[in-house]
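Residue numbering for the sequence shown follows my numbering, beginning at 4 and increasing consecutively.
Even glycine gets a Cβ: it sits at the ideal position worked out from N, Cα and C.
Model, not experiment: these values are computed from the prediction.
Data block below; observations after.
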Amino acid sequence: MGFLDIIVFFGFIAAVLCVGMIKSKGAGSSDSDKGADDYFLAGRGLKWWLIGFSLIAANISAEQFVGMSGQGAGLEGLSCASWEWIAAIALVVVAFALLPYFLKTGITTIPEFLEVRYNHWARTIMTISMMGILIVASLIGVTYAGSLVMHQLFVKIGWNVPFWGCCLLMGLMAGGYVLFGGLKACAWADLLQGSALIVGGAIIAYFAIKALGSAESVMGWTRDTAGVLHSAPQAASGDGWLATFKAANAVKLEMGRPASDTAMPWTILMIGIWIPNFYYWGLNQYITQRILGSGSLAEGQKGLVLAAGLKLLIPFIIVIPGIIAFNLFAKDLAIADGYKYDGALGVLITKLIPHNVGILGFVLAALLGAIVSSLAAVLNATSTLLTMDIYQRYVNREASSKQLVSFGRLTIVVLMIVGIVVASILNTESIFTYIQQVQLYISGGVVAVFIFGLINRRGERWIGVVGLLAYPLIFAFFNNWMPESLLKSIPLVIGGSVEKMHYLWAASYALVITLVLMFALGAVFKQPKPVSFDSNTKLDLTTSKGALVAGLVVAAITVALYVIFW
4 MGFLDIIVFF GFIAAVLCVG MIKSKGAGSS DSDKGADDYF LAGRGLKWWL IGFSLIAANI
64 SAEQFVGMSG QGAGLEGLSC ASWEWIAAIA LVVVAFALLP YFLKTGITTI PEFLEVRYNH
124 WARTIMTISM MGILIVASLI GVTYAGSLVM HQLFVKIGWN VPFWGCCLLM GLMAGGYVLF
184 GGLKACAWAD LLQGSALIVG GAIIAYFAIK ALGSAESVMG WTRDTAGVLH SAPQAASGDG
244 WLATFKAANA VKLEMGRPAS DTAMPWTILM IGIWIPNFYY WGLNQYITQR ILGSGSLAEG
304 QKGLVLAAGL KLLIPFIIVI PGIIAFNLFA KDLAIADGYK YDGALGVLIT KLIPHNVGIL
364 GFVLAALLGA IVSSLAAVLN ATSTLLTMDI YQRYVNREAS SKQLVSFGRL TIVVLMIVGI
424 VVASILNTES IFTYIQQVQL YISGGVVAVF IFGLINRRGE RWIGVVGLLA YPLIFAFFNN
484 WMPESLLKSI PLVIGGSVEK MHYLWAASYA LVITLVLMFA LGAVFKQPKP VSFDSNTKLD
544 LTTSKGALVA GLVVAAITVA LYVIFW
């Protein structure tokens, strides 16, 4: 890593911190009721372009960069793009089906909406569940996994930064500007970091494509009669990178994977994959805090559609380079019992990105920014939940705006210390595989209570609590406890049964059963009058017709991509 790379790397860090702090100067300093809104929701004045880039920056972290490129290099191939392309449609639906309700009711947190429709118990259960996920899986998980990625990359380029030093760097960087300026600081910093993420990914993709175009031979893929993928060397086509790419990876560019596929069978596109997507993009405080801070309904809708459009690009700048990495550097990814596919991103950076011209420094800064933006979003969201849904609701109902902001800042400091210390002392990655699975026990139940709550407004308020508590048990049965005899007798997938149910099929069954239970209870136990979502805001709630048209275009492009790559 040359001197110019170092200048660019630290220059980018300084720019992010300065922009975040300057643009959010004075946030939360007012003693009026607007002070808390200013700190936690950026004064409800975020513009669409800030929202769009902030959503992407909060979503994509460095370990996701590594994981998605690794899936591309491995057996999943382009099929893992479904997480990005289905998200594009989910974002459009959130913009026009959920956001109007959220902004109309003037909520600060997503669990607060459950109190409007159900009761304070539903709100509290969701808050505690969401905070557990954010603190354990996201705060500690992002800090640990992100630091591991950056530490390994730094070592490969000859920069021996200790693992704990990476944890400290990211924790202080994210916590610094969030502590200072709240959501507004996050949004402005994300504008730089989100843009850098996309440009950095495009740079890696460019050099990968360039190298593939000049390669004489590559490692390609074939599928045997049993449907199993195998890698084998083959000569380059000689007709340019695209022809070589298609010839080497034809079987890995198929989105319509067999129903027996363990990673991304086509059948989960019917229901399963939509559950985590609708939860993540529409009901998760970590993400939705940005749209709750919209300056108007139109600004929020345009921001969501912008993010949807950007999601369509992600597979082309992350997954495709991962596929090419295996074509070019399979030997470098080889280990004793196969291949370490997650090394795809690292090998592309160390072997293809030029040193000492500033490009390597920028790419590393973009990856660091991806981690920091995700970590900052976690700190901001968790602080907001603790302050508004716990402290104000149960500890100090009469808290002034200044007290709320002070408590929010205190929680950020505590969370930042916890994240840095715990992540620094962990020495295993296996725990995070389990921790990430925990989210599945929460997301489907939240999706169910929102679906029921918006469709059936006469059902008793306690039914929401039933849904939140029943779903995890039903999901656990299908995912962990189902007897083998029953597993082989029900239609788990179209085309036959399997030895173990795919976790997204387990989520699908659990969601359907939970909804049936809730609607059955709602048909029997009814309130005298339907719940009314009264307006509690001064925001302009006019729908953006332009965003609607753009959203339909994004949905059409998504469908076209599936048709092309099916």
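- Distance between Asn287 and Met129, taken at the CA atoms: about 10 Å.
- Going by beta carbons, Leu429 and Gly55 fall outside the 7 Å limit.
- The beta carbon of Phe183 sits closer than 7 Å to those of Met24 and Ser27, all from its chain and outside the five residues before and after it, given in chain order.
- The count of Cβ pairs closer than 8 Å, one atom from the segment 507-522 and one from the segment 267-286, reaches three, so the stretches are in contact.
- Beta-bridge analysis with DSSP links Pro268 to Arg260.
- Counting every other CB atom within 10 Å of its CB across the protein chains shown gives Phe455 a total of 16 or more, marking it as buried.
- Every unbroken stretch of the alpha helix (DSSP H) spanning 4 or more residues and falling wholly within the segment 110-152 is given here in chain order: 113-120 and 123-135.
- Approximately 27 Å separates the beta-carbon atoms of Phe536 and Lys187; this is outside 8 Å, ruling out the contact.
- Assignment of beta-bridge partners to Leu49 by DSSP yields Ser297.
- Here Gln304 has Ala98, Ser547 and Ala550 as same chain residues with Cβ atoms under 6 Å from its own Cβ, once five neighbours each way along the sequence are excluded.
- Going by DSSP, Asp335 is part of the alpha helix (DSSP H) stretching over Val322 to Leu336.
- In this structure, Leu378 keeps its C-beta atom at 7 Å or more from the C-beta atom of Ile415.
- Segment contact: the segment 360-373 against the segment 406-413, fewer than three CB-CB distances shorter than 8 Å; contact not assigned.
- At the C-beta level, Tyr282 and Val450 come within 7 Å of one another.
- Contact annotation: Leu137 and Thr385 have beta-carbon atoms nearer than 7 Å.
- With respect to Ile92, Thr390 sits apart: the two C-beta atoms are not nearer than 7 Å.
- Non-local beta-carbon contacts of Gly448 in its own chain, meaning distances under 7 Å to residues more than five positions away in sequence, involve Gly470, Leu471, Tyr474, Pro475 and Thr517 in chain order.
- Within the DSSP secondary-structure output, Ser220 pairs in a beta bridge with Ala238.
- Rounded to the nearest whole angstrom, the C-alpha separation of Thr111 and Leu44 is 7 Å.
- Following the DSSP letters along the chain, one finds Gln406 inside the alpha helix (DSSP H) bounded by residues Ser404 to Ile428.
- By the Cβ neighbour-count rule, Ile420 is exposed, with fewer than 16 other Cβ atoms within 10 Å of its own.
- The DSSP-derived three-state label of Lys529 is strand.
- Val69 has its alpha-carbon roughly 7 Å from the corresponding atom of Gly346.
- Within the same chain, Cβ atoms closer than 7 Å to the Cβ of Gly361 are found at Leu7, Asp8 and Val11, the five residues on either side in sequence being excluded.
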